[in-house]
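Each protein sequence line maps, in turn, to chains A and B.
Going by the working numbering, the first residue of the first sequence is number 8, and it counts up by one from there.
Going by the working numbering, the first residue of the second sequence is number 154, and it counts up by one from there.
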Amino acid sequence: MFILKNAWISIKRNKGRNILIGIIILIIACACTITLAIKNTAEDLINSYKSAYDKEVTISFDRANMMKDFDPSQIEGRENAREKFDNIASYTIDDVKSFADSNYIESYYYTYSVGLNGNNIEKAEIELNNNMSNGFGRGKANNMSLTDFTLTGYSSVTAMSEFINGTYTMNEITDNAWDIAFDGNYVFINQELADYNNLDLNDKIKLETDNGNIYEFEIIGIFKENEEGNGEPMSMFSNSANTLVTNADAVANITNSEEINATINPTFIINSYDNVEKLQNEFYQKGLDENFVLQTNEEEATSGVSSIENINSFATTFLTLTLIIGGIVLFVINMINIRERKYEIGVLRTIGISKFKLTMQFVSELVIVSVVALILGAGIGAVSSKGVSNSLLASEINSSNERDEEIGKNFGGPNMNGGMFDRGDRGEMRGKGMPVIEAYDSIDAVVDIKVLLELLGIGLSLVLVSSIASMVSIERFTPLTILKERS
Amino acid sequence: MANKKNNNYISKDKIGNNYVSKKQLVKSNDGREMKDNDGINEKNTSSKNIILSVKNASYRYSDASENDYALKDVSFDFESGKIYAVRGRSGTGKTTLLSLISGLERCTEGEIIFDGKSLKDMNLDKYRNSDIGIVFQSYNLLPFMTASENIILSMDANGLKIKNKKEKAIELMEKVGLKESYANRKVLRLSGGEQQRVAIARSLSYNPKMIIADEPTGNLDKQTESEILDIFKKLAHEENKCVIIVTHSQNVCDAVDVIYDLKKVKEENKEV
Chain A
8 MFILKNAWIS
18 IKRNKGRNIL
28 IGIIILIIAC
38 ACTITLAIKN
48 TAEDLINSYK
58 SAYDKEVTIS
68 FDRANMMKDF
78 DPSQIEGREN
88 AREKFDNIAS
98 YTIDDVKSFA
108 DSNYIESYYY
118 TYSVGLNGNN
128 IEKAEIELNN
138 NMSNGFGRGK
148 ANNMSLTDFT
158 LTGYSSVTAM
168 SEFINGTYTM
178 NEITDNAWDI
188 AFDGNYVFIN
198 QELADYNNLD
208 LNDKIKLETD
218 NGNIYEFEII
228 GIFKENEEGN
238 GEPMSMFSNS
248 ANTLVTNADA
258 VANITNSEEI
268 NATINPTFII
278 NSYDNVEKLQ
288 NEFYQKGLDE
298 NFVLQTNEEE
308 ATSGVSSIEN
318 INSFATTFLT
328 LTLIIGGIVL
338 FVINMINIRE
348 RKYEIGVLRT
358 IGISKFKLTM
368 QFVSELVIVS
378 VVALILGAGI
388 GAVSSKGVSN
398 SLLASEINSS
408 NERDEEIGKN
418 FGGPNMNGGM
428 FDRGDRGEMR
438 GKGMPVIEAY
448 DSIDAVVDIK
458 VLLELLGIGL
468 SLVLVSSIAS
478 MVSIERFTPL
488 TILKERS
Chain B
154 MANKKNNNYI
164 SKDKIGNNYV
174 SKKQLVKSND
184 GREMKDNDGI
194 NEKNTSSKNI
204 ILSVKNASYR
214 YSDASENDYA
224 LKDVSFDFES
234 GKIYAVRGRS
244 GTGKTTLLSL
254 ISGLERCTEG
264 EIIFDGKSLK
274 DMNLDKYRNS
284 DIGIVFQSYN
294 LLPFMTASEN
304 IILSMDANGL
314 KIKNKKEKAI
324 ELMEKVGLKE
334 SYANRKVLRL
344 SGGEQQRVAI
354 ARSLSYNPKM
364 IIADEPTGNL
374 DKQTESEILD
384 IFKKLAHEEN
394 KCVIIVTHSQ
404 NVCDAVDVIY
414 DLKKVKEENK
424 EV
């Protein structure tokens, strides 16, 4: 009580100095509230965004490795490359199952694709080459002949439904489609193909292999593209009007019954992106040709929140700088404060007030001023955090768009997001074969209890750090020396 | 002068001190008892009511060389009900001795016994805000506080639990000759003598057994000096407190019961 009473008297006595300290802490508190709110909200958004994704790994052909010894000017070099290419060991479904038996893998699925011709249907005349988008350079794709249709079988109903629902919109579907999709020869087809051939649900289509064998499939769903092709080269490759989606067993039945080449595209769901290199080595040990490498979807999984991550990074830097500068300023003010009050310390020590009590009095003064300033700062920060965060994000998105446009102009294309993503006008990110992703274009930085507790922690830490000056001085000062100086 | 001394001893007789000597005793820090003005020494030391003993106390500053003592091998006893003067030329260690007996510093060698306990074993903060009161030449009051607030601060430091501290502060002020109307005055608005009275009142706020004063009249005129000394004498002789005054002033030395002379350590060494 005595400590608080003295602290209060001292605060009232030194109004000017305490108002100055209060203003500094208010500014720090305000900046911290805003940055903490932005940081926490951004981290939540990033985490929820990333958690919406499975951490996927696929097997890709390592073209750079393959071509490193290739010298096109030498006939010998070309022959060596061809020989090397022919000798690449492909992988089978059994290999995929063996690869999947790993501690790093949580689950897996694969697609099994085969090229077939139409028997009672004709291909929709849109696509340039339906096989170009499928497993190019993987498995036996290099041997796959040009056909009218690609029959893609999924090993997992979840993967299949995510593929269809993520990339397309289901226009029509039979009541029991998902129940029977893996029980026989059932397919989902593209609306364009259905229109082109006047097909409807429950119609049966016949597909023919190069060997002349015919396989019948019943239509249980019709999907359509989410967006029409916008004329960009990549969208033409991605058009899947002539892709028929079925289950992997149906494709396996065809490939097992006759000599026919198929493409296996496995996707492994891993527990951490950090383990990819270890996993790749494990795959090699299990027999994967070293011309294949593992690729993750990490970049895709994070690209939708890149602006938010930039804001988060900015907030972290700003917060750090604020705390360092604020801490130093407070420390210096306290040092000056202590020097001014040296005599008072001497008198109080002489009349028997212990160093601890005296330190507590000085800390209490700072805590009282800080708490008031922190409350005000938190209030101001709470009011302004949403506006500031959205303004920062808008500015970040603008500059990001400008960068993209500039790169696009320089490289002669509308954008350079690559083949995997197209960025829409409203920040929509679209992955081929992946769910539609909405990139964040607003951030509601909320000052919640977590922010307030963090702010309180920061405030108290600052108070303690800046109180070190008083603690050290009180420890060092000998009352008699102080009083002698005064005398 | 003789009358004054007699008056002093009349006071002491009133409170029952066993004094054989009716004359002033002068001792030096080299252990020799010196003759006072009348050549009579203190006797019958076995009946002393010793409150504080300085036993072979030495003090050396932490940054000083091994033999560079500010105070060397000093032994003095202080009794309740007596007023003492510690005198000596500059550099003899008066203030060092004061800081040792007031618990502001600890002896490098030797020890100080207060009321049967060594200061080494005592909490010196508690000692300063319970057992002794300190009065300085420059008063050492907090200038931003009123006279009564300065006194109350000392009560608070002691943890004194009384209902009306201000009333008690005023009572103490009146005891040292300050009117109630001074209570609410900022100390800077008081004269030197008045500030010193407030400082004395502050030192009495928790009723200590001993008052230690460092040149308490150094900044005051003769009239005020005399009044302040009267206060100290009353505290010693009427309230049985031990009052130790570190001083240069002959007036103070004339007023006290016992004078301890401090000599420079180097001089002393030469003599030895």
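Glycine included, C-beta positions come from ideal geometry on N, C-alpha and C.
Asked                                                                                                                        : Found
Residue environment, A:Met151, which counts as buried when at least 16 other CB atoms sit within 10 Å                        : The predicted model places A:Met151 with a pLDDT of 45, which falls under 50 and marks its position as unreliable, so this point remains unresolved.
B:Arg240, DSSP secondary structure in three states                                                                           : strand
Assumed close pair A:Tyr98, A:Thr274 - CB separation to whole angstroms, cut-off 8 angstroms                                 : In fact, because the Cβ distance is near 13 angstroms, the residues do not count as touching under 8 angstroms.
Beta carbon proximity, A:Ser371 to chain B, threshold 8 angstroms                                                            : no
N- and C-terminal bounds of the alpha helix (DSSP H) containing B:Ile254                                                     : Lys247 to Ile254
Any chain A beta carbon closer than 8 angstroms to B:Arg338                                                                  : no
Close Cβ partners of A:Ile332 (< 6 angstroms) along its chain, the five nearest in sequence each way excluded                : none
Sub-8 angstroms separation of A:Ala49 and A:Tyr161 beta-carbons                                                              : no
Distance between A:Phe156 and A:Ala107 (C-alpha atoms, nearest Å)                                                            : 29 angstroms
B:Ser271 - DSSP class collapsed to helix/strand/coil                                                                         : strand
Cβ-based neighbour list, A:Asp69, same chain, cut-off 7 angstroms, excluding 5 preceding and 5 following                     : Asn298, Phe299 and Val300
C-beta neighbour in chain B for A:Val479, strict 8 angstroms                                                                 : no
Contact check, A:Thr40 vs A:Phe325, beta carbons under 8 angstroms                                                           : no
B:Cys406 versus A:Gln368 - alpha carbon distance                                                                             : 41 angstroms
Close-in-space but distant-in-sequence residues of the same chain around A:Tyr203 (CB under 6 angstroms, 5 per side omitted) : Ala131
Unbroken beta strand (DSSP E) run spanning B:Met363, endpoints                                                               : Met363 to Asp367
Below-8 angstroms beta-carbon distance, A:Thr309 vs any chain B residue                                                      : no
Residue of A:Ile345, A:Leu381 and A:Leu459 minimising C-alpha distance to A:Ser474                                           : A:Ile345
Three-way DSSP call (helix, strand, coil) for B:Gln290 in this model                                                         : coil
Assumed close pair B:Gln349, B:Leu331 - CB separation to whole angstroms, cut-off 8 angstroms                                : Actually they do not touch by this definition, with Cβ atoms about 10 angstroms apart.
Sequence-distant residues of its chain with Cβ nearer than 7 angstroms to A:Glu265 (five each side left out)                 : Thr216, Asn218 and Asn220
Cβ neighbours of B:Ser283 in the same chain (closer than 8 angstroms, five flanking residues each side left out)             : Asn311, Tyr359 and Pro361
Length of the line joining the Cα atoms of A:Val339 and B:Lys387                                                             : 49 angstroms
Whole-Å CB distance - B:Ile397 paired with B:Tyr280, under 8 angstroms assumed                                               : Not confirmed; about 14 angstroms, so no contact.
Closer than 8 angstroms to chain B by CB, A:Arg20                                                                            : yes
Contained beta strand (DSSP E) runs [length at least 3] in the region 332-402 of chain B, N- to C-terminal order             : 363-367 and 395-400
Pairwise C-alpha distance: B:Leu306 and B:Glu324                                                                             : 15 angstroms
Nearest candidate by alpha-carbon position, reference B:Ala408, set B:Glu378, B:Ala322, B:Glu391 and B:Asn209                : B:Glu378
Residue closest to B:Ser356, alpha-carbon to alpha-carbon, out of A:Gly359, A:Glu223 and A:Ser310                            : A:Gly359
Contacting residues, own chain, Cβ-Cβ under 7 angstroms from B:Asn303 (five flanking each side not counted)                  : Leu294, Leu295, Val340, Val351 and Arg355
Distance CB(A:Ile128)-CB(A:Ile180) smaller than 8 angstroms                                                                  : no
Selection from B:Asp309, B:Ala300, B:His390 and B:Lys316 that minimises the alpha carbon distance to B:Glu347                : B:Ala300
Beta-bridge partners of A:Glu289, as assigned by DSSP                                                                        : In the DSSP output, where bridge partners are listed per residue, A:Glu289 has none listed.
The alpha helix (DSSP H) enclosing A:Asn272, as first and last residue numbers                                               : Counting along the chain, A:Asn272 falls outside any alpha helix (DSSP H), though it belongs to the beta strand (DSSP E) covering Ala269 to Ile277.
Contact check, A:Phe224 vs A:Thr176, beta carbons under 8 angstroms                                                          : no
For A:Glu129, three-class secondary structure by DSSP                                                                        : coil
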